[in-house]
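Down below is the structure, laid out as structure tokens.
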């Protein structure tokens, strides 16, 4: 079965792909923190911030359609938060952007701010994931001091989540093949519970097999890997450009609230 | 004389009391390729687990002259590598390199030695240049070869393989046969596919109901129509008189 792997484009080759995973990760975290910390009145300047990840995506050869699709996948959670904002705060506010003036409410500004920040930070996140192999990202996290157990768990999650999804698809297909006349709600709930139970048992089974495979190869509880990451001159250049971009925007591009 | 594998009167019951292996006695010489053949549920996989020390019952299992005990499992497993039935269970690391390097790193080898072993193992199974690929981006045949590479990189004297031909198309199966026949290690291969067993093995053991009912040269065992059919098996095409592979 084919999945839309989140690192589908991470195996391409481009100057961005060749950058060290740690460098890209740190820049993404800093960029995200700065964007999130912007005041809610900074909706218009979020466009300037979006230029950074957009350039990275273009240089990395990541199709815009893929990016938009993934933003849409996770948007429902943020949409609920954003679209309820106008109801909570109806204080009048005026936004000035160059020669244009809007009369609105603080709630609507918060709504646009949440949406804007969501899109910009998602662009940054997708540009990181799409230009960095997950294995390198995990290795980078480990070198950056993220607890080893957490990194191992993320690795296993990424490795096996798709197999679990496959199993669920197979069970659903088997049910569909035997339920030509449709399934009543009560039976559907029973089936869902049985499916979760079955997946749980399969997961335990898989975990036992993996444990056997690890022990067969001498695993003694210590997780050993070889560091294959290397920070080069081009990484320092990227850091310099990215920091200048973020710092420049943060210091010199200020929101205007009338 | 020391043999690669010696199993003496080994018995094992599942936790629910079902007898899985019942007084199994079997030996394998160094360099031999043994096919464990038998119907589903005969005890083939359990015997492989016993040989690799994952299943402990009564009787003796001696690997490369070393009887398996609780205290020497690590030494035993540095001499015998096992390929599980499902390669997805064997390939648990984010990249092929990390997976193949996992065993050598646990053996205490340094980075250079590990890299060398990874390159050699991947080249041997025909996956040279694919070290940075993620396991989920490999085909079924490549996953099977990669699973074997994870074991080869540890340079074991003996390798066990559980249904290695499962879900492989004929071309990939042929490639696997070539790979296995080309290995210098002692191999123990559990399979239900008699043509595959005939192609890779020089010795065969029929297991049924948890017992070894016959063992000997592969051709002698697998061309015995009465023996094979009485245990739910078939004579491989290679050993049917008048059959031509061409």
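Chains as they are written, first to last, in our numbering: chain A, 4 to 261; chain B, 268 to 513. For each residue, glycine too, the CB sits at the ideal point set by N, CA and C.
Pull up the DSSP beta-bridge partners for residue 172/A, would you.
Residue 172/A has no beta-bridge partner at all, per DSSP.
Do we get a CB-CB distance below 9 Å when we pair residue 10/A with the residues of chain B?
It does; some Cβ of chain B falls within 9 Å.
In the DSSP assignment, the alpha helix (DSSP H) including residue 90/A goes from what residue to what residue?
Start and end: 67-91.
According to DSSP, residue 429/B sits in a beta bridge with which residue or residues?
Beta-bridge partners assigned by DSSP to residue 429/B: 457/B.
Quick one: what does DSSP say residue 216/A is sitting in, helix, strand or coil?
When secondary structure is reduced to three states using DSSP, residue 216/A falls in the helix class.
According to DSSP, is residue 59/A helix, strand or coil?
Three-state result, residue 59/A: helix.
Per DSSP, which residues does residue 108/A bridge with? Please list them.
DSSP lists 95/A as partners of residue 108/A.
With distances taken Cα to Cα, identify the nearest neighbour of residue 460/B among 392/B, 436/B, 477/B.
Nearest Cα to residue 460/B within the set 392/B, 436/B, 477/B: 436/B.
Mind listing, in chain order, the continuous beta strand (DSSP E) runs of no fewer than 3 residues lying wholly within the region 303-364 of chain B?
Scanning the region 303-364 of chain B from its first residue to its last, the whole beta strand (DSSP E) runs of 3-plus residues come out as 325-330, 347-350.
Determine the chain A residues that contact residue 384/B at a beta-carbon separation under 8 Å, and present them in chain order.
Neighbours of residue 384/B on chain A: none; closest Cβ ~11 Å, over 8 Å.
9 Å Cβ cut-off: residues of chain A touching residue 344/B:
Ordered by position in chain A, the residues that pass the 9 Å Cβ test against residue 344/B are 218, 219, 220, 221.
Residues of chain A with CB closer than 9 Å to the CB of residue 321/B, please, in chain order.
Those within 9 Å of residue 321/B in chain A are 215, 218, 219.
With a threshold of 9 Å between beta-carbons, can residue 514/B be considered close to chain A, or not?
Beyond the ends of chain B as shown, which are 268 and 513, falls residue 514/B; an answer cannot be given.
Does chain A have any CB closer than 9 Å to the CB of residue 365/B?
Interface with chain A (9 Å Cβ-Cβ cutoff): residue 365/B is included.
Going by the beta-carbon positions, is the gap between residue 225/A and residue 339/B smaller than 9 Å?
No, the pair does not count as a contact, with Cβ atoms beyond the cut-off.
Identify every residue that forms a DSSP beta bridge with residue 279/B.
Checking the DSSP bridge columns, you'll see residue 279/B partnered with 288/B.
When we look at the beta-carbon of residue 359/B and count the other beta-carbons within 10 Å, is it buried (16 or more) or exposed?
By the neighbour-count definition (other C-beta atoms within 10 Å, threshold 16), residue 359/B is a buried residue.
Supposed contact pair residue 417/B and residue 370/B - C-beta distance, whole angstroms, cut 8 Å
About 6 Å separates the two Cβ atoms, so the contact holds.
Ignore the nearest five residues each way along the sequence and tell me which others in residue 94/A's own chain have a CB closer than 7 Å to its CB.
In the same chain as residue 94/A, and ignoring 5 residues on each side of it, the C-beta atoms closer than 7 Å to its own belong to 108, 109, in chain order.
Can you list the residues of chain B that residue 212/A reaches, using a CB-CB cut of under 8 Å?
Those within 8 Å of residue 212/A in chain B are 351, 353, 356.
Secondary structure at residue 143/A, three-state DSSP: helix, strand or coil?
Looking at residue 143/A - three-state DSSP - the assignment turns out to be helix.
If we call anything under 9 Å between Cβ atoms a contact, is residue 470/B one with residue 295/B?
Remark: C-beta atoms of residue 470/B and residue 295/B approach each other more closely than 9 Å.
In the DSSP assignment, the alpha helix (DSSP H) including residue 408/B goes from what residue to what residue?
That run of the alpha helix (DSSP H) goes 407-419.
Residue 238/A, enclosing alpha helix (DSSP H) - first and last residue:
Residues 236-255.
Along the chain, where does the beta strand (DSSP E) that runs through residue 48/A open and close?
No beta strand (DSSP E) holds residue 48/A; DSSP gives it neither H nor E.
What are the start and end residues of the beta strand (DSSP E) that includes residue 482/B?
Its beta strand (DSSP E) spans residues 478-484.
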